[in-house]
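Visitor:
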Amino acid sequence: MTARPFNLVVGTYTENLNHLEGHAKGLMGLRYDEDGTLGEAELLAEGVPNASWLVASRDGRFIYAISETKFYEGRPGGSATALARDTVTGELTLLNTVYSGGIEPTHGDLDPSGRFLLLSNYRSGSVAAFAIDPDGSLGTMVGFVQDEGSSIHPVRQTGPHAHQIAIDPVTGRVLVPDLGLDSLLFFDLSPDGGLTEDRSVRYTGAAGAGPRHVDFHPDGTHLLLLNELDNTLTVLRREGDGVVATDIKTTLPDGYAGHAQASGVRVSADGRWVFTGNRGGNSSASAEHPGPRGDVDAISIFEFDPASETVSLRRVEPTGLEPRDFIISPDQRNLIVVHQDVDELAVYRFDPEGPSLSAISVSSLPNPAALVLVG
């Protein structure tokens, strides 16, 4: 038993994929303190493969892990795992695992009622909904939609690739950025968990943009859509039941012309700041040795102007290699970032006066991919 519970759960890559060699063992747990200090990482749940996304129940009693794998029990596809969390110790107990309905799922979300787990199958381009049983375990698949189509990238866009699935806090609709279709899809979720796309409001951006993640501005009017392939951030305004673009900006430093892939997007609680992750430019960076200014493995800091409905890139702060995912701490003072390819998790202090980021704590753990802060 630990005197203070693990409140930070980290998903890791345990198996090889096209873009990486997984060498972790399962879900890791750490203690994160409000001053930004990280405790030592410990293995919480062995045998949860390639957990590339995690979502926690509102009461912190359950964790759901999305496993980005090519095969599950001998057939093509990934899985989702339900785990019970001890709120005193933070320890995890595996409840059950279900087939995701598609290949290489990468994201999940819970509906506001907590009755359904929604997930996106990236490689096969589908979305699914699963009932959640009273004990927190995953029940039957109750909703499923297979996307169709393609776009211009000869490798990354030969078919649909649903990269994220997120519940819109304003409308309750289910939003899905599809990298393969260059589109943001809008689904209705029925009371029994069924999913139906409203094609009349599908937003399609620039060809080859490759939308990856969306976040919601606290003003209730705007959304921020991050595009992985062309490394841009799109500001969207709600219009009717859909959205329109009001601004598009690059996430990269001035003059950078090398390979890059945008990763995540987060909006500050006051709506002033938008943070995006960039990957691909510094093969030896770490939180303690981030490399020279201008390397593209970085967090980009944008300032949002509500009057003009635009964002301005204020700073590009180098991080460790492959900042795949990050979250903003509840007090808005820190960013907690996973450095996928240098086996570390880092905490950066955010100074809005700069604006700037400075590393204040680092913890080693293998192949981190996603994280969730509980409690």
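My numbering puts the first residue of the sequence shown at 1339, with every later residue one more than the last. Each residue gets a CB set at the ideal place from its N, CA and C atoms; glycine is no exception.
Rounded to the nearest angstrom, what separates Pro1472 and Gln1502 at their Cα positions?
Guide: Stepping through the sequence shown from its first residue, residue 1472 is reached at position 134. Stepping through the sequence shown from its first residue, residue 1502 is reached at position 164. When rounded, the distance between both Cα atoms is 26 Å.
Visitor: With H, G and I counted as helix, E and B as strand and the rest as coil, what does DSSP make of Arg1461?
Guide: Position 123 of the sequence shown, counting from 1, holds the residue named residue 1461. Three-state DSSP puts Arg1461 in coil, outside helix and strand.
Visitor: Spatial neighbours of Gly1374 within its chain, please: C-beta separation below 8 Å, excluding the five flanking residues on both sides.
Guide: As a working mapping, residue 1374 is identified with position 36 in the sequence shown. Counting only Cβ-Cβ distances below 8 Å, and skipping sequence neighbours, we find Ser1667, Arg1671, Asn1672, Val1685, Arg1687, Ile1698 and Ser1699.
Visitor: In this structure, what does DSSP give as the bridge partners for Phe1482?
Guide: Against the sequence shown, residue 1482 aligns to sequence position 144. Beta-bridge pairing links Phe1482 to Ala1466.
Visitor: So, is Arg1537 buried or exposed, given that buried needs 16 or more other C-beta atoms within 10 angstroms?
Guide: Taking the first residue of the sequence shown as position 1, residue 1537 is located at position 199. Result: exposed.
Visitor: Using a Cβ-Cβ cutoff of less than 8 Å, which residues in the same chain neighbour Thr1534 once the five nearest sequence positions on both sides are dropped?
Guide: Against the sequence shown, residue 1534 aligns to sequence position 196. Counting only Cβ-Cβ distances below 8 Å, and skipping sequence neighbours, we find Val1483, Phe1525, Asp1526 and Ser1528.
Visitor: Taking C-beta to C-beta, are Gly1580 and Val1612 nearer than 7 Å?
Guide: If you number the sequence shown from 1, residue 1580 lands on position 242. If you number the sequence shown from 1, residue 1612 lands on position 274. In terms of Cβ geometry, Gly1580 and Val1612 do not form a close pair [threshold 7 Å].
Visitor: Going by DSSP, what residue range makes up the beta strand (DSSP E) through Phe1344?
Guide: Stepping through the sequence shown from its first residue, residue 1344 is reached at position 6. Looking at the DSSP string, Phe1344 is not in any beta strand (DSSP E), and its letter there is neither H nor E.
Visitor: Could you give the distance in angstroms between the alpha-carbon of Arg1575 and the alpha-carbon of Gly1531?
Guide: Your numbering for residue 1575 matches position 237 in the sequence shown. Your numbering for residue 1531 matches position 193 in the sequence shown. One C-alpha to the other measures close to 27 Å.
Visitor: Counting C-beta neighbours from all protein chains within 10 Å, is the total for Asp1485 16 or more, i.e. buried, or is it exposed?
Guide: Indexing the sequence shown from 1 puts residue 1485 at position 147. Per the 10 Å Cβ criterion, buried.
Visitor: Going straight from the alpha carbon of Ser1702 to that of Val1675, what length do you get?
Guide: Mapped onto the sequence shown, residue 1702 falls at position 364. Mapped onto the sequence shown, residue 1675 falls at position 337. Each residue's alpha carbon lies about 12 Å from the other.
Visitor: Which value, in whole angstroms, describes the spacing of the CA atoms of Pro1498 and Ser1488?
Guide: The count along the sequence shown starts at 1 and reaches residue 1498 at position 160. The count along the sequence shown starts at 1 and reaches residue 1488 at position 150. Taking the straight line from one Cα to the other gives about 6 Å.
Visitor: Which residues in the same chain as Val1654 place their Cβ atom closer than 7 Å to its Cβ, once the five residues preceding and following it in sequence are excluded?
Guide: Taking the first residue of the sequence shown as position 1, residue 1654 is located at position 316. Closer than 7 Å at Cβ, skipping near neighbours: Pro1591, Ala1636 and Ser1638.
Visitor: Compute the distance between the beta-carbons of Leu1433 and Ser1475, then report whether it is under 7 Å.
Guide: Numbered from 1 along the sequence shown, position 95 holds the residue referred to as residue 1433. Numbered from 1 along the sequence shown, position 137 holds the residue referred to as residue 1475. A contact, by the Cβ cut-off of 7 Å.
Visitor: Could you tell me the alpha carbon to alpha carbon distance between Ser1717 and Arg1453, rounded to whole angstroms?
Guide: With the chain represented from 1339 up to 1713, any question about residue 1717 goes unanswered, as that position is not in the structure.
Visitor: If contacts are defined as beta-carbon pairs under 8 Å, then Val1514 and Ser1458 qualify, I think. What distance do you get, rounded to the angstrom?
Guide: Taking the first residue of the sequence shown as position 1, residue 1514 is located at position 176. Taking the first residue of the sequence shown as position 1, residue 1458 is located at position 120. Going by Cβ atoms, the distance from Val1514 to Ser1458 rounds to 6 Å, so yes, they are a contact pair.
Visitor: Using only the alpha-carbon positions, how far apart do Val1552 and His1677 sit?
Guide: By 1-based counting over the sequence shown, the position of residue 1552 is 214. By 1-based counting over the sequence shown, the position of residue 1677 is 339. Straight-line Cα distance between these residues: approximately 21 Å.
Visitor: Does the Cβ of Pro1556 have 16 or more other Cβ atoms within 10 Å, making it buried, or fewer, making it exposed?
Guide: Within the sequence shown, the letter at position 218 stands for residue 1556. Exposed, since its Cβ has fewer than 16 Cβ neighbours within 10 Å.
Visitor: Rounded to the nearest angstrom, what separates Arg1399 and Val1393 at their Cα positions?
Guide: Walking along the sequence shown from the start, residue 1399 turns up at place 61. Walking along the sequence shown from the start, residue 1393 turns up at place 55. Looking at the backbone, the Cα of Arg1399 and that of Val1393 are separated by about 11 Å.
Visitor: When we look at the beta-carbon of Val1386 and count the other beta-carbons within 10 Å, is it buried (16 or more) or exposed?
Guide: Locating residue 1386 in the sequence shown gives position 48, where the first residue counts as 1. Per the 10 Å Cβ criterion, buried.
Visitor: What is the DSSP secondary structure of Gln1599, counted as helix, strand or coil?
Guide: Along the sequence shown, one-based indexing puts residue 1599 at 261. It is a strand residue.
Visitor: Quick check on the burial criterion: 16 or more other C-beta atoms within 10 angstroms. Buried or exposed for Arg1617?
Guide: The sequence position of residue 1617 within the sequence shown is 279, counting from 1. Arg1617 comes out buried.
Visitor: What's the gap between the Cα of Ala1469 and the Cα of Arg1369?
Guide: Along the sequence shown, read from residue 1 onward, the residue named residue 1469 stands at position 131. Along the sequence shown, read from residue 1 onward, the residue named residue 1369 stands at position 31. Looking at the backbone, the Cα of Ala1469 and that of Arg1369 are separated by about 31 Å.
Visitor: Grouping DSSP H, G and I as helix and E and B as strand, with all else coil, what is Val1634?
Guide: Position 296 of the sequence shown holds residue 1634. Here Val1634 sits in coil by DSSP.
Visitor: Helix, strand or coil: which one does DSSP assign to Arg1610?
Guide: Locating residue 1610 in the sequence shown gives position 272, where the first residue counts as 1. It is coil, neither helix nor strand.
Visitor: Is Val1508 buried or exposed, if buried means 16 or more other CB atoms sit within 10 Å of its CB?
Guide: As a working note, residue 1508 is residue 170 in the sequence shown. It counts as exposed.
Visitor: Quick check on Glu1384: buried or exposed, where buried means 16 or more other Cβ atoms within 10 Å of its Cβ?
Guide: Residue numbering aside, residue 1384 sits at position 46 when the sequence shown is read from its first letter. Glu1384 comes out exposed.
Visitor: Would you identify the three-state DSSP class for Asp1585, choosing helix, strand or coil?
Guide: To locate residue 1585, count along the sequence shown from 1; it is residue 247. The answer is strand: DSSP assigns Asp1585 an E or B state.
Visitor: Just to confirm the assignment, what range does the beta strand (DSSP E) spanning Gly1367 have?
Guide: Reading the sequence shown from its first residue, position 29 is the one you call residue 1367. Unbroken beta strand (DSSP E) run through Gly1367: Gly1364 to Leu1368.
Visitor: Quick one, are the C-beta atoms of Asp1663 and Gly1593 less than 7 Å apart?
Guide: Numbered from 1 along the sequence shown, position 325 holds the residue referred to as residue 1663. Numbered from 1 along the sequence shown, position 255 holds the residue referred to as residue 1593. No, they are not a contact pair.
Visitor: Let me know if Asp1669 comes out buried or exposed under the rule of 16 or more other beta-carbons within 10 Å of its beta-carbon.
Guide: Here residue 1669 refers to the residue found at position 331 of the sequence shown. Burial call: exposed.
Visitor: DSSP three-state label for Val1539, please.
Guide: Counted from its first residue, the sequence shown places residue 1539 at position 201. DSSP places Val1539 in helix when its eight states are reduced to three.
Visitor: Give me the DSSP bridge partner(s) of Thr1648.
Guide: Mapped onto the sequence shown, residue 1648 falls at position 310. Its beta-bridge partners are Asp1643.
Visitor: Measuring alpha carbon to alpha carbon, tell me which residue in Val1680, Thr1435, Thr1648 and Val1347 is nearest Thr1584.
Guide: The residue given as residue 1584 occupies position 246 in the sequence shown. That would be Thr1648, whose Cα lies nearest to the Cα of Thr1584.
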